[in-house]
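**Q** Starting off with a structure, shown below.
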Amino acid sequence: LRALEAFSSKVRGTRLRVVEQIFDARVPILRLHYGGKVGPPVEVDLSIGNSATGALDAFIREEIEDRPECRSLVLLAKFWARRRNVNKALLGCLNSISWTLLVLGFLTTSELGPAD
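This is the structure:
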């Protein structure tokens, strides 16, 4: 929590800004907007994880690299959830990682996934 608070206090500039501090959640989150030169800002949820967090990130990266067609469906599901405001665990919904895992699980167990 202290690391997120320290990071939040140091965020300055026009391209990166703090939108929300959710420090009272089970997993504290710092919600940021990163604005590129073109297009709307990208919403980023920053949290400090444990050693298992890196393993989950590696698993997701590997799954998407092994099956490039998954990427489009993951992005579509996350876009859909964000537009309907059902992508925030704090509100009792699935978070972004959960939407990603849901899509990967669906593709793994359905006939729509690639044949090995």
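In this text, residue positions in the sequence shown follow my numbering: the first is 545, and each later residue adds one. Yeah, the Cβ is synthetic: ideal placement off N, Cα and C, and Gly gets one too. A quick note: this is a predicted structure, and the numbers were derived from the prediction, not measured.
1. Leaving aside the five residues before and after LYS632 along the sequence, list all residues of the same chain whose C-beta is less than 6 Å from its C-beta, in chain order.
2. Is ASP589 helix, strand or coil by DSSP?
3. Could you tell me the boundaries of the beta strand (DSSP E) in which THR575 lies?
4. With DSSP run on the structure shown, which of helix, strand or coil describes LEU545?
5. If contacts are defined as beta-carbon pairs under 8 Å, then ARG559 and GLY579 qualify, I think. What distance do you get, rounded to the angstrom?
6. From the DSSP output, which residues share a beta bridge with ARG561?
7. Quick one, which of ALA599, LEU545, SER616 has its alpha-carbon nearest LEU574's?
8. Which same chain residues end up closer than 8 Å to CYS614 when comparing Cβ atoms and leaving out the 5 residues on each side of it in sequence?
9. Tell me the rounded alpha-carbon separation between GLU511 and SER654.
10. Check the C-beta distance from SER640 over to LYS622 and give it rounded, since I have them as a contact under 8 Å.
**A** Let me spell this out:
1. One-based indexing of the sequence shown puts residue 632 at position 88. Closer than 6 Å at Cβ, skipping near neighbours: no residue.
2. Position 45 of the sequence shown holds residue 589. Taken through DSSP and simplified to helix, strand or coil, ASP589 comes out as strand.
3. In the sequence shown, residue 575 corresponds to position 31, counting from 1. Residue identity check: residue 575 is Arg in the sequence provided, not Thr. Here the beta strand (DSSP E) through ARG575 covers 573–578.
4. Taking the sequence shown and counting its residues from 1, one reaches residue 545 at position 1. LEU545 falls in the coil class under three-state DSSP.
5. To locate residue 559, count along the sequence shown from 1; it is residue 15. To locate residue 579, count along the sequence shown from 1; it is residue 35. At roughly 5 Å, the Cβ-Cβ gap stays under 8 Å, so ARG559 and GLY579 are in contact.
6. On the sequence shown, residue 561 is found 17 positions in, with the first residue counted as 1. The partner list for ARG561 (beta bridge, DSSP) reads HIS577.
7. Start at 1 with the first residue of the sequence shown, and residue 574 comes out as number 30. Among ALA599, LEU545, SER616, the Cα nearest to that of LEU574 is on LEU545.
8. The sequence position of residue 614 within the sequence shown is 70, counting from 1. Within the same chain, CYS614 has close Cβ partners GLU607, ILE608, VAL647, LEU648, LEU651.
9. Lying before the first or after the last residue shown, residue 511 is absent from the chain, which here runs from 545 to 660.
10. Translated into the one-based positions of the sequence shown, residue 640 becomes position 96. Translated into the one-based positions of the sequence shown, residue 622 becomes position 78. That pair is a contact at about 6 Å.
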